[in-house]
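A short worksheet on the structure shown next.
Number of protein chains: 2
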Amino acid sequence: MNISEVGKRAGLPPKTIRFYEEIGLITPRREANGYRVFSEKDAHRLAFLRRARALGFTVEECRQLLGLYHDDTRASADVKAIAREHLARIDAQLQDLQQMRNTLADLIAACAGDSRPDCPILRDLAR
Amino acid sequence: MNISEVGKRAGLPPKTIRFYEEIGLITPRREANGYRVFSEKDAHRLAFLRRARALGFTVEECRQLLGLYHDDTRASADVKAIAREHLARIDAQLQDLQQMRNTLADLIAACAGDSRPDCPILRDLAR
DNA sequence: GATGGGGGTTCCATTCAGTGGAAGGTCAAG
DNA sequence: CTTGACCTTCCACTGAATGGAACCCCCATC
Chain A
1 MNISEVGKRA
11 GLPPKTIRFY
21 EEIGLITPRR
31 EANGYRVFSE
41 KDAHRLAFLR
51 RARALGFTVE
61 ECRQLLGLYH
71 DDTRASADVK
81 AIAREHLARI
91 DAQLQDLQQM
101 RNTLADLIAA
111 CAGDSRPDCP
121 ILRDLAR
Chain B
1001 MNISEVGKRA
1011 GLPPKTIRFY
1021 EEIGLITPRR
1031 EANGYRVFSE
1041 KDAHRLAFLR
1051 RARALGFTVE
1061 ECRQLLGLYH
1071 DDTRASADVK
1081 AIAREHLARI
1091 DAQLQDLQQM
1101 RNTLADLIAA
1111 CAGDSRPDCP
1121 ILRDLAR
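Those sequence lines, one after another, are chains A and B.
Under this note's numbering, the first residue of the first sequence carries the number 1, and numbering increases by one thereafter.
Under this note's numbering, the first residue of the second sequence carries the number 1001, and numbering increases by one thereafter.
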């Protein structure tokens, strides 16, 4: 199957798939004319990548996860460790973002939002 | 004052301050020897930038906010509009992140994390 | 056989907001 | 006079793609 076909199946744009090949996450066969040919396995791998990326794993983590996925002798502890590190990162991000949101929401609530220049948002930034 | 001095005051590394100059957020004087000289006003502007960035405003939003800050005829509504757009972006991010976190936490909880290969995390990614 | 349209290919630049490092100029102290 | 801590510019790199240009390939139609 061609790149746009596999892209539709895996839910990834061709550009991204070429990029994943470039960084070695996938190595599709080539036809005589230079076109990439994707097997069902390739499609499956790409779908795996899309879902892992959607969960926020970095590309390098995806690489590790794919490696573990194809390793029958893996220990689930290794997978779990990667996931837990990622979860910690997400939690940290959530904290930061929540903090921002609270501050921002307070400032917005305090701002009249009319035609006058007085503004608690700017006042806070200039504090 | 020199760049590292103002950096300490504003809480920004020299590299970042040079970058802000490059993109026109600040235009410090220069001494005969080429060194940048920062006024109190510059320091204030930089601190404003640091706080706005810490709230997650993009650099372009910071540029607008600085413009409004220095405009006595501004309407607070304009500031509020920028802030509200940003809040919406943060809320969207929070939703995405929260969704990721939930899925990830469920998968982690379901994974034994032992030496056996069976792993719900990988199973889900390969679904 | 020419042409057109919709694929595919590579390579380079751009995004965002900095950060790292090299090579070299300046300044105050010892 | 040298040392070390500054400062300067310029270029490359980060992550994870995305946009665009220039060019190739294949099939259908005229």
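Even glycine gets a Cβ: it sits at the ideal position worked out from N, Cα and C.
In this text, all values refer to a predicted model and were calculated from it rather than measured experimentally.
Can you find a C-beta in chain B that's less than 8 Å from the C-beta of Y69 (chain A)?
If you number the first sequence from 1, residue 69 (chain A) lands on position 69. So yes, Y69 (chain A) belongs to the interface.
Are the region 1012 to 1032 of chain B and the region 1118 to 1126 of chain B touching, with three or more C-beta to C-beta distances below 8 Å?
The answer is no - the region 1118 to 1126 of chain B does not touch the region 1012 to 1032 of chain B, with fewer than three Cβ pairs under 8 Å.
Counting only the same chain and skipping the five closest in sequence on each side, list residues whose C-beta sits under 7 Å from that of L68 (chain A).
Here the question's residue 68 (chain A) lines up with position 68 in the first sequence. So the list reads R74, D78, V79, once near-sequence residues are dropped.
Kindly indicate which three-state DSSP category R1101 (chain B) falls into: helix, strand or coil?
As a working mapping, residue 1101 (chain B) is identified with position 101 in the second sequence. Note: R1101 (chain B) maps to helix in three-state DSSP.
For a contact defined as C-beta to C-beta under 9 Å, what are the partners of S76 (chain A) on chain B?
Locating residue 76 (chain A) in the first sequence gives position 76, counting from the first residue. Within 9 Å Cβ-Cβ: C1111, A1112, G1113, D1114, S1115, R1116, P1117, D1118, C1119, P1120, I1121, L1122.
Figure out for me which residue from B:E1031, B:D1096, B:D1114, B:R1045 has the closest Cα to the Cα of G1007 (chain B).
Here residue 1007 (chain B) is taken as the residue at index 7 of the second sequence, counted from 1. That would be B:R1045, whose Cα lies nearest to the Cα of G1007 (chain B).
Would A1032 (chain B) be called buried (16 or more neighbouring beta carbons within 10 Å of its own) or exposed?
Residue 1032 (chain B) sits at position 32 when you count from the first residue of the second sequence. It counts as exposed.
Kindly give me the distance between the Cβ atoms of I1090 (chain B) and R89 (chain A), rounded to whole angstroms, as I take these residues to be in contact under 8 Å.
In the second sequence, counting from the first residue as 1, residue 1090 (chain B) sits at position 90. In the first sequence, counting from the first residue as 1, residue 89 (chain A) sits at position 89. I1090 (chain B) to R89 (chain A), Cβ: 18 Å. No contact.
Can you pull the DSSP bridge partners for R30 (chain A)?
For this step, residue 30 (chain A) is matched to residue 30 along the first sequence. The partner list for R30 (chain A) (beta bridge, DSSP) reads A:R36.
For a test of the three-state rule: what should DSSP assign to P13 (chain A), helix, strand or coil?
Taking the first sequence and counting its residues from 1, one reaches residue 13 (chain A) at position 13. Three-state result, P13 (chain A): coil.
Excluding the five sequence neighbours on either side, which residues of its own chain have a C-beta within less than 6 Å of the C-beta of R1009 (chain B), listed in chain order?
On the second sequence, residue 1009 (chain B) is found 9 positions in, with the first residue counted as 1. Once the five neighbours on either side are set aside, the close Cβ partners of R1009 (chain B) are A1043.
For A1043 (chain B), return the contacting residues in chain A, with the cut-off set at a CB-CB distance below 8 Å.
Looking up residue 1043 (chain B) in the second sequence gives position 43. None at all; the shortest Cβ gap to chain A is about 12 Å.
Could you tell me which chain B residues have their CB closer than 8 Å to the CB of F48 (chain A), listed as they occur along the chain?
Here residue 48 (chain A) refers to the residue found at position 48 when the first sequence is read from its first residue. Simply L1125, A1126.
When you compare the CB positions of L107 (chain A) and L1065 (chain B), do they come within less than 8 Å of one another, or not?
If you number the first sequence from 1, residue 107 (chain A) lands on position 107. If you number the second sequence from 1, residue 1065 (chain B) lands on position 65. No, they are not a contact pair.
Of all the options B:A1105, B:A1083, B:R1116, which has the alpha carbon lying nearest to the alpha carbon of A110 (chain A)?
Taking the first residue of the first sequence as position 1, residue 110 (chain A) is located at position 110. Ranking the options by Cα distance to A110 (chain A), first place goes to B:A1083.
In the DSSP assignment, the alpha helix (DSSP H) including G1067 (chain B) goes from what residue to what residue?
Position 67 of the second sequence holds residue 1067 (chain B). Counting along the chain, the alpha helix (DSSP H) containing G1067 (chain B) begins and ends at 1059 to 1069.
Which residues in chain B have a C-beta closer than 7 Å to the C-beta of L25 (chain A)? List them in chain order.
Along the first sequence, read from residue 1 onward, the residue named residue 25 (chain A) stands at position 25. Correct list: empty, because the minimum Cβ distance to chain B is about 13 Å.
Tell me the residue span of the alpha helix (DSSP H) that contains A126 (chain A).
Here residue 126 (chain A) refers to the residue found at position 126 of the first sequence. Unbroken alpha helix (DSSP H) run through A126 (chain A): 120 to 126.
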